[in-house]
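Sequence lines, in order, name chains W and F. As numbered in this note's numbering, residues -6 to 480 make up the first sequence, in order. As numbered in this note's numbering, residues -6 to 480 make up the second sequence, in order. Read through the structure below, which is laid out as C-alpha cells, and then see the notes.
Protein chains: 2
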Amino acid sequence: MADDKALTPRSEDFAAWYNEVVLRAELADYSPVRGSMVIRPWGYAIWENMQRALDDMFKATGHENAYFPLLIPMSFIEKEKEHVEGFKPELAVVTHAGGKELDEPLVVRPTSETVIMAMYAKWIQSYRDLPLLLNQWANVMRWELRTRLFLRTAEFLWQEGHTVHATAEEAEEHTRRMLGVYRTFMEEWMAMPPVTGLKSESEKFAGAVRSYSCEAMMQDNKALQAGTSHFLGQNFSKQFELRFQSEAGTEEYAWNTSWGVSTRLVGGLVMTHGDDQGIVCPPRLAPVQVIVVPIWRNDDQRQAVVDKAEAVRAALAERGLRVRVDAREHVTPGAKYYEWERKGVPLRIEIGPKDLEKGQLALAKRVRGEDEPRKEFLPEAEALATVAERLEAFQSELLERARARREANSHRGVTSIDEIAEIMDAGGGYVYTGWSGDPAVEQAVKERTKATLRCIPGEEFRSGTAPARCVGGEKDAVMEVVWARAY
Amino acid sequence: MADDKALTPRSEDFAAWYNEVVLRAELADYSPVRGSMVIRPWGYAIWENMQRALDDMFKATGHENAYFPLLIPMSFIEKEKEHVEGFKPELAVVTHAGGKELDEPLVVRPTSETVIMAMYAKWIQSYRDLPLLLNQWANVMRWELRTRLFLRTAEFLWQEGHTVHATAEEAEEHTRRMLGVYRTFMEEWMAMPPVTGLKSESEKFAGAVRSYSCEAMMQDNKALQAGTSHFLGQNFSKQFELRFQSEAGTEEYAWNTSWGVSTRLVGGLVMTHGDDQGIVCPPRLAPVQVIVVPIWRNDDQRQAVVDKAEAVRAALAERGLRVRVDAREHVTPGAKYYEWERKGVPLRIEIGPKDLEKGQLALAKRVRGEDEPRKEFLPEAEALATVAERLEAFQSELLERARARREANSHRGVTSIDEIAEIMDAGGGYVYTGWSGDPAVEQAVKERTKATLRCIPGEEFRSGTAPARCVGGEKDAVMEVVWARAY
C-alpha cells in the first residue's frame, strides 16, 4: 500500500511523529484488544534480530533458557510484600477456566520471580547446584492505563533472567555483569548509547534490594529506561524457602538477581535514529540491510535490470548480508525508495539501464552526512566488495551521532532545582547534579520540573569533579545523579 | 543431582516410563500451577533446535513472523459457530484487570484465528496484498482436565501459521504444502516418520473445512497427532469481513489456512526413540551432540585428560558440532555416563590416561545395533575426522529404525471391526481398512476398539490395492483409512 503523505516532522510534534512512523513503517498496529498491540513482520524481524544477539550474549555468559508458566497463583504474587504493592494495580486476573470459577484466581504474569523461585526451591539443594543461571523469553502483562506502541503496552514481549548465587557478592557482581551486557548490546547492536547506573530507592524494582538501569536519551531529550538489572538479595528466597547447603555444611538462603529487556527496545531504536523520512535501522539489526531496486522504462529493459539486481542480491547474500530485490511491477521506483526509506533500510542500490551499460551500481545511504553526495556511482565489483564495510561504517556513524547528541544535551555542574527546571523547559536533556540522598529533594525536583532521578551514574559517566552540594541546596552531596524527563 | 534408580521399563508400564524419563532427563517438571508445566533447560534446548529448523523452513517457503495479542475478546471467539463450540469448554478467562471488572471478558488464546483475521481484514485491500503468509511463535492455553507433560498441558508453546489466499485452490495447495513441511521436519530432524493424511469430519479442527495431520506412531503403538494443517475455506473470512478486490475488480472473501505444531513434539521425540536408559536425541536436534568425559584416578592424571578433553571439544566445535566436556570432580565417570545417556546425548567420548598414552579416543554410541561393540577405540585423528559422519549415520539409523517399527506394526487389508479390536488388544498399531465415509461406522469402531480414525492417508501411504468393502461391512469402501488408539 503506497502512502505518500509525509510524516509529521519530529520538530513539530515528536509524539505524533513517533506513532505515525511506527504505524507507517509497519512495525506495529493497534489491536482490537485494549492496550495490546500487534507486532507486524517488519517490527518483529527487528525484535528477532535483537533476540538472537542478546540470546548469544546470555549463552556466552553461561545462561540457559527455560520456560515457566504464564499463569501464577495470586497467593504467590502476594508473598513478597513490596512486590505485590508494586504490581497489584496492574494485574490481569483469570477467575474462570474450563467453564468453572477457579478456587484461587490466577494472575497473568507481570514478571516471574515468584513462580521461578518456587521451582528453584525444588531444584536446588546444595552449593554444587549453584550458580543457577536461567533466562526466559516470554510475554508478560501489566494493565497500563495509558499505552503507547512498543513503549508501554498491556502485553509485551521480553526476556527475564533469574539467577541464584551462594553469596551476596557473587549475586551483586552478576547483577552488574548483566547491566554491562545490556549496555554493550545497546551500544554495539542498537547504536543507542545509554547512561547506566543505580536506581534510587523510590525508583527501584518492587522487591529488589538494588536496581540498575540503562537510560537511553531519545531525540526529544527524554530518557527511556531501556533495561534493568536487579539485585534481589534474599527477599524472594526467604519467601519461597530457597535454601541450599553451603560448602561448610550450613543451611543458607540463596541470593538472587533478575534482569530484563523488552520490545520497548524497538521503540527506543525508533526514537534514537528515526528522522522525518521514517525509521533508521542500524545495519546489524536491520531485517533488510540492502534493498536493490531495478529501474526500467519498458519490458525490454526490465529483464536485464532485474537479472542484474538478482545477481547483485546473490553476490551480497554470499557475503552474509541480508538483501532483498524489489522488482514489483505496479510500484514506481520513487515510491519504492520512499517505502524502504520509511522502513529504515540502511543502504539502497539502484540499477537502471544506464548503470548496466556503464557496469556500475548507484548506492544511496539511508542517512547522509552533510558533505556526502545523495548517491554514489561505483564500478560494480568495487560496490560489491565494499558494501559490508560501508554498513559497518554506517553502524559506527549512528552510534557516534547518538553519543554526540546525548553529550550535547547533557548538562553537568548544575547546582539548583531552578536551573533543572530552566533546562527542562528549554528542551530538556540529562542534568547532572549533586544529591544528598534525601528523598524529599528527589520529590521536590520531580514536582517542580517533571524530571525524575534516572540513576546514580556508574563511574564511567560521572563528571570529573564530584559535586560538593546537593541540588536541594541545604546539604552536602554524597553522590552525583542524573535527572531527566522520562518515558 | 545423581539419581541412580533405574527407570520403570517401557515394557512394564509405558506411561510410567514416559513420566519418569521426562522428569529425570530434566526435560520438564510439574509446576505449582494446575495443568501447566515448567520446561527445563534440557527440554527447552531441544525445543529451540526444533524452532530454529522449523523457522528456517517457514522462511524458505515465504513466511514472515509476527505477534498478535494473548488476550482475545470473548465476542471474537464466538463469531465462528463451530470454532466456539470446539473451544469454549477449554477457555481460561480474564474477567478482572487493573483492579476492575472488565466490560467484556477476555479469553487467553486457545488459538488465534479470530484475532488474526480481524487484523488481516484491516490490512488487506487488494489481490496485490495476497498471498499473506504469516507465522506466530506463541504460548496458548486450553484448559484440559487430564494433563500429561508435553503431550497435553493447559499451557503449551507452539507456532501457528495463518495465511490468506485469493483462491480456494491456492489455499488448499498451501495447506498441503505446510503438511509436507511438517512431514519433512519430522522425518529429517526428529527421525520420526509420520503417516500423513486428511482428518475425518468428526476429527477435524473446529472451524476448518478440511484438516490434515501428521500421525506418528509411538513405541506403545499409539498414534500421536503431531502436527495439523487446516484449509479454513472462507469460514473465518466471512465472519471477520476479510475481503479483497480481485484482479477482475470484484469484491471477494479471501481463503485461509492455519497450521501448527507444538511442544507436544518433544513428547513425541521421547516416545519415538527413548529406551529404558533414558531419552535418545536425534543428533540434529540434540542440545549436546557429543559429551566428552575425561577419566582420572589422581590429580596428576587429571590435568592431562581434562586438557585433552578440552582440545577434543575445541576441535569438534570447530567442525560445527555441539560438544560439552563433563569435568565435574564430585561425580564418578560411571554416574556421568548414566546421566548423559538418560539425557540422550548421541555420542560419548571417553578419555582416560591409557587413551592418552595410546593417542586414542573411546567412542560410545547412545544406541547400538546388535552387532556393534559397546565402545570403539579409534586413533584420535580418525575419531575427530569421522564424528560428524557418525552422527549423520546415527540420525539415519534412528529414522530407519522408527520407520521399520511403524511398518512392522501396521496392519493392512483388515476387513472387520472385530479384527481391529483383536489387533488393538494384542498390542495395537495402525490398522488400514476400507471405509464408506459413514460416521456411524467411525463411531462403532471407536466404541468397540477405542481406536479412532487417525486419517485418510495420502497417496504415498495407501495400500497397493484399494479396499473394496467398508470395515463396517455393509457398504462399499470409497476410501482407505487408518485406525489407531491415540494420545
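Heads up, the beta-carbon is just placed ideally off N, CA and C, and yes, glycines get one too.
{"Item": "Residue environment, Glu365 of chain W, which counts as buried when at least 16 other CB atoms sit within 10 Å", "Value": "exposed"}
{"Item": "Cβ of Asp22 of chain W within 8 Å of any chain F Cβ", "Value": "yes"}
{"Item": "CA-to-CA distance, Glu153 of chain F to Val133 of chain F, given in whole angstroms", "Value": "10 Å"}
{"Item": "Residue burial classification, Gln218 of chain W (beta-carbon count within 10 angstroms, cutoff 16)", "Value": "buried"}
{"Item": "Nearest neighbour of Ser68 of chain F, chosen from F:Tyr60, F:Ala90 and F:Arg102 [CA to CA]", "Value": "F:Arg102"}
{"Item": "Nearest-angstrom beta carbon gap, Asn128 of chain F and Phe233 of chain F [assumed within contact, 8 Å]", "Value": "19 Å between Cβ atoms; not a contact."}
{"Item": "Three-state secondary structure assigned by DSSP to Gly481 of chain F", "Value": "The structure shown does not extend to residue 481 of chain F, since chain F spans only -6 to 480, so no value can be given for it."}
{"Item": "Within chain W, partners of Glu83 of chain F - CB distance below 9 Å", "Value": "Ala90, Gly91 and Gly92"}
{"Item": "Below-8 Å beta-carbon distance, Ala395 of chain W vs any chain F residue", "Value": "no"}
{"Item": "Phe61 of chain W at chain F interface by Cβ criterion, 8 Å", "Value": "yes"}
{"Item": "Chain W contact for Val318 of chain F (CB, 8 Å cutoff)", "Value": "no"}
{"Item": "Stretch-stretch touch, CB-based, cutoff 8 Å, three pairs: the stretch 426 to 441 of chain W with the stretch 368 to 378 of chain W", "Value": "no"}
{"Item": "Cβ-Cβ distance between Lys340 of chain W and Gln296 of chain W below 8 Å", "Value": "First, the amino acid is wrong: residue 340 of chain W is Leu here, not Lys. Cβ atoms of Leu340 of chain W and Gln296 of chain W: not closer than 8 Å."}
{"Item": "Sub-8 Å separation of Asp431 of chain F and Arg3 of chain F beta-carbons", "Value": "no"}
{"Item": "Closer than 8 Å to chain A by CB, Arg33 of chain W", "Value": "No chain A appears in the structure shown, which is made up of the protein chains W and F."}
{"Item": "Environment of Gly253 of chain F [buried if 16+ CB atoms lie within 10 Å]", "Value": "buried"}
{"Item": "Unbroken stretches of the alpha helix (DSSP H), 4 residues or longer, contained in the stretch 315 to 352 of chain W", "Value": "326 to 335 and 346 to 351"}
{"Item": "In DSSP terms, what Thr250 of chain W is bridged to", "Value": "W:Thr156 and W:Phe224"}
{"Item": "Counted within 10 angstroms of its Cβ, other Cβ atoms place Ser119 of chain F as buried (16 or more) or exposed", "Value": "exposed"}
{"Item": "Segment limits, beta strand (DSSP E) that includes Gln282 of chain F", "Value": "Looking at the DSSP string, Gln282 of chain F is not in any beta strand (DSSP E), and its letter there is neither H nor E."}
{"Item": "Whole beta strand (DSSP E) elements within the stretch 417 to 464 of chain F, 3-residue minimum", "Value": "423 to 428 and 445 to 450"}
{"Item": "Rounded Cβ spacing between Glu166 of chain F and Pro124 of chain F (contact assumed at less than 8 Å)", "Value": "That belief does not hold up - the Cβ atoms of Glu166 of chain F and Pro124 of chain F are roughly 10 Å apart, past 8 Å."}
{"Item": "Min CB distance Trp333 of chain F to chain W below 8 Å", "Value": "no"}
{"Item": "Thr88 of chain W vs His266 of chain F beta-carbon contact at 8 Å", "Value": "no"}
{"Item": "Pairwise C-alpha distance: Trp35 of chain W and Gly220 of chain F", "Value": "27 Å"}
{"Item": "Whole runs of the beta strand (DSSP E) within the stretch 34 to 87 of chain F, excluding any shorter than 3 residues", "Value": "64 to 66"}
{"Item": "is_contact[Glu148 of chain W, chain F] using C-beta, thresh 8 Å", "Value": "yes"}
{"Item": "C-alpha distance - Gln436 of chain F paired with Lys74 of chain F, whole-angstrom precision", "Value": "23 Å"}
{"Item": "Contact belief for Gly79 of chain W with Gly242 of chain W at Cβ below 8 Å, rounded distance in angstroms", "Value": "At roughly 37 Å, the Cβ-Cβ gap does not stay under 8 Å, so Gly79 of chain W and Gly242 of chain W are not in contact."}
{"Item": "Ile65 of chain W: contacting residues in chain F (beta-carbon distance under 8 Å)", "Value": "Val26"}
{"Item": "Contact set between Ser29 of chain F and chain W, taken where Cβ atoms lie within less than 8 Å", "Value": "Pro62, Leu63 and Leu64"}
{"Item": "Contact list for Asn58 of chain F against chain W, beta-carbon separation under 8 Å", "Value": "Pro34, Tyr37, Ala38 and Glu41"}
{"Item": "Ala484 of chain F: contacting residues in chain W (beta-carbon distance under 7 Å)", "Value": "Residue 484 of chain F falls outside the range modelled here, since chain F spans only -6 to 480, and no answer is possible."}
{"Item": "Contiguous beta strand (DSSP E) assignments of at least 3 residues, all confined to the stretch 184 to 217 of chain W", "Value": "188 to 191 and 203 to 210"}
{"Item": "Between the CA atoms of Ile342 of chain F and Tyr331 of chain F - distance to the nearest angstrom", "Value": "13 Å"}
{"Item": "Closer than 7 Å at the beta carbon, the chain W residues around Arg121 of chain F", "Value": "His323"}
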